[in-house]
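A.B. asks: Here it is, the structure, as structure tokens.
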Amino acid sequence: VLELLDKLYAMTGFKRLAPDAPVVDRIQCLTSVKQQIDIERAHLLPVLCNPQGLTLEEEEEQLIKVITDYTFRLRYVGSNEEEHKELSRLAAGLLPAAIVEGLELGRAASGGNGHFTLYSAHDNTIMALLAHLGFMDYAIPYFAAAVCFELHCSDGEYSVKVRYHADHRQPEDAEGFVVPEGHWRRWGQRRRGSMAFDELKRILFDEKRSFRTQAEWSAASQLPESPEPSKRVQSGFETDFEADEGDVLFRRSSG
Numbered sequence: 014v015l016e017l018l019d020k021l022y023a024m025t026g027f028k029r030l031a032p033d034a035p036v037v038d039r040i041q042c043l044t045s046v047k048q049q050i051d052i053e054r055a056h057l058l059p060v061l062c063n064p065q066g067l068t069l070e071e072e073e074e075q076l077i078k079v080i081t082d083y084t085f086r087l088r089y090v091g092s093n094e095e096e097h098k099e100l101s102r103l104a105a106g107l108l109p110a111a112i113v114e115g116l117e118l119g120r121a122a123s124g125g126n127g128h129f130t131l132y133s134a135h136d137n138t139i140m141a142l143l144a145h146l147g148f149m150d151y152a153i154p155y156f157a158a159a160v161c162f163e164l165h166c167s168d169g170e171y172s173v174k175v176r177y178h179a180d181h182r183q184p185e186d187a188e189g190f191v192v193p194e195g196h197w198r199r200w201g202q203r204r205r206g207s208m209a210f211d212e213l214k215r216i217l218f219d220e221k222r223s224f225r226t227q228a229e230w231s232a233a234s235q236l237p238e239s240p241e242p243s244k245r246v247q248s249g250f251e252t253d254f255e256a257d258e259g260d261v262l263f264r265r266s267s268g
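Position one of the sequence shown corresponds to residue 14 (my numbering), numbered consecutively onward.
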């Protein structure tokens, strides 16, 4: 690994990869390297082009992916089930509550033209949400990744199908999955299909303890409560979801 870090420093010049930098910092910097590689591949550019003419071998890129996938998940999953529950809960914030509120509006508008709500977010937001839903080894989101919550009604009964499309270059999963109770769940062992809407709400708010209000989230984060959330976009209905800079835009449409 150290040889790879030295090579990447020669290719990129990233200061955090310098040989005299702490090893932990150098390894964490691999996430920036991986993102740069993905960007350049998406634009059909040479990968980490440098004056020395150094190139990455396939096994070196694979090692970078293994390390960065682990690092990305560690942020929201931790090293055991209790850490998984708390880290993901704090990171997901009010997004689960905003999603449920949108589904509630869809149920209330039954018989109308339907509703579509779009949240535009960073990959970190998607990973935090997937971790909060209970999974520990989800696929790391690529560009244009999406988590979809579909509300269905049959004979007056409402159900939700959740789908995760991690990579637009791969076939989409149309079957969906059921949000499990608990955390530390393997993605490959997820139950397929849909679940009752009321059961989804019970699991999120009662079992996973998703935050319902800004005050709850601030108290759990030990942060001072702001008079108003720093990010609020009002269109159709109000949401208190607060995000990192540039993280979430909210839009609701009907038709």
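Cβ atoms here follow ideal geometry from the backbone N, Cα and C, with glycine treated the same way.
It should be emphasised that the depicted structure is a prediction, and the values quoted were computed from it without experimental measurement.
Kindly list the residues whose CB is nearer than 6 angstroms to the CB of Y177, restricted to its own chain and excluding five residues on each side of it in sequence; keep chain order.
C.D. replies: Closer than 6 angstroms at Cβ, skipping near neighbours: V160.
A.B. asks: Hey, could you find the ends of the alpha helix (DSSP H) H145 is sitting in?
C.D. replies: Start and end: D136 to H145.
A.B. asks: For the segment 145-164 and the segment 190-200, state whether three or more C-beta atom pairs, one from each stretch, are separated by less than 8 angstroms.
C.D. replies: Touching, yes.
A.B. asks: For D115, is the classification buried or exposed, using 16 other Cβ atoms within 10 angstroms of its Cβ as the cut-off for buried?
C.D. replies: Reading off the sequence shown, one finds Gly at residue 115, where the question assumed Asp. With 16 or more other Cβ atoms within 10 Å, it is buried.
A.B. asks: For E163, which residues does DSSP report across the bridge?
C.D. replies: Looking at the DSSP assignment, E163 forms a beta bridge with K174.
A.B. asks: Go ahead and pull the three-state DSSP assignment for F27.
C.D. replies: F27: coil per DSSP, three-state reduction.
A.B. asks: CB F210 to CB G106, shorter than 8 angstroms?
C.D. replies: It is not a contact, given that the beta carbons lie outside the stated cut-off.
A.B. asks: Compute the Euclidean distance between the alpha carbons of T81 and D168, then round it to the nearest angstrom.
C.D. replies: Going by the C-alpha atoms only, they are around 46 angstroms apart.
A.B. asks: Compute the Euclidean distance between the alpha carbons of P154 and G66, then round it to the nearest angstrom.
C.D. replies: Whole-angstrom Cα-Cα distance: 30 angstroms.
A.B. asks: Could you spell out the range, first to last residue, of the alpha helix (DSSP H) harbouring R88?
C.D. replies: Segment E71 to V90, the alpha helix (DSSP H) holding R88.
A.B. asks: Nearest to S45 by CA position, among T68, L21, L57 and P35, is which residue?
C.D. replies: Looking at the Cα atoms, L21 is the closest of the given residues.
A.B. asks: Near R29, what residues of its chain come up, given a Cβ to Cβ distance below 7 angstroms and the 5 sequence neighbours on each side ignored?
C.D. replies: Contacts found: D38, R39 and C42.
A.B. asks: Leaving aside the five residues before and after N63 along the sequence, list all residues of the same chain whose C-beta is less than 6 angstroms from its C-beta, in chain order.
C.D. replies: Only M24 meet the Cβ criterion.
A.B. asks: So, using beta-carbon positions, are L108 and L142 closer together than 8 angstroms?
C.D. replies: Yes, the Cβ-Cβ distance between L108 and L142 is below 8 angstroms.
A.B. asks: Return the first residue and the last residue of the alpha helix (DSSP H) that Q235 is part of.
C.D. replies: Run containing Q235: none; DSSP gives neither H nor E here.
A.B. asks: Taking S207 as the reference, give the member of C166, R222, A134 and Q48 with the closest Cα.
C.D. replies: Among C166, R222, A134 and Q48, the Cα nearest to that of S207 is on C166.
A.B. asks: V36: buried (16+ other C-beta within 10 angstroms of its C-beta) or exposed?
C.D. replies: So V36 counts as exposed.
A.B. asks: Please report the Cβ distance between L57 and L69, rounded to the nearest whole angstrom; I am assuming they are in contact, meaning their Cβ atoms lie under 8 angstroms.
C.D. replies: Contact doesn't hold; Cβ gap of about 16 angstroms is too wide.
A.B. asks: Taking 6 angstroms as the limit between beta carbons, can you name the residues of its chain near H196, skipping five residues before and five after?
C.D. replies: If we look at H196 and ignore the five residues flanking it on each side, its Cβ neighbours are E94, H97, K98 and G147.
A.B. asks: Would you grab the beta carbon distance between R205 and E185 for me? Rounded to a whole angstrom, and I think it's under 8 angstroms.
C.D. replies: Contact doesn't hold; Cβ gap of about 14 angstroms is too wide.
A.B. asks: Are at least three pairs of beta-carbons, each pair with one atom in the segment 210-221 and one in the segment 82-92, less than 8 angstroms apart?
C.D. replies: Short answer: they don't touch.
A.B. asks: Within a Cβ cutoff of 8 angstroms, which residues of the same chain sit near V14, ignoring the five residues on either side of it in sequence?
C.D. replies: Cβ within range, chain order: I40, L76 and I80.
A.B. asks: For I216, which residues from the same chain have a beta carbon less than 7 angstroms from its beta carbon, with the 5 sequence-adjacent residues on both sides left out?
C.D. replies: V192 and E194.
A.B. asks: Where E16 and D180 are concerned, what is the direct C-alpha to C-alpha distance, given to the nearest angstrom?
C.D. replies: Computed Cα separation, rounded: 30 angstroms.
A.B. asks: By how many angstroms is the C-alpha of A232 removed from the C-alpha of R222?
C.D. replies: R222 and A232: Cα-Cα distance of roughly 14 angstroms.
A.B. asks: Candidates E229, T84 and G201: which alpha carbon is nearest N137's?
C.D. replies: Per the Cα distances, T84.
A.B. asks: Please report the distance separating the alpha-carbon of F27 from that of S172.
C.D. replies: Cα to Cα, F27 sits roughly 49 angstroms from S172.
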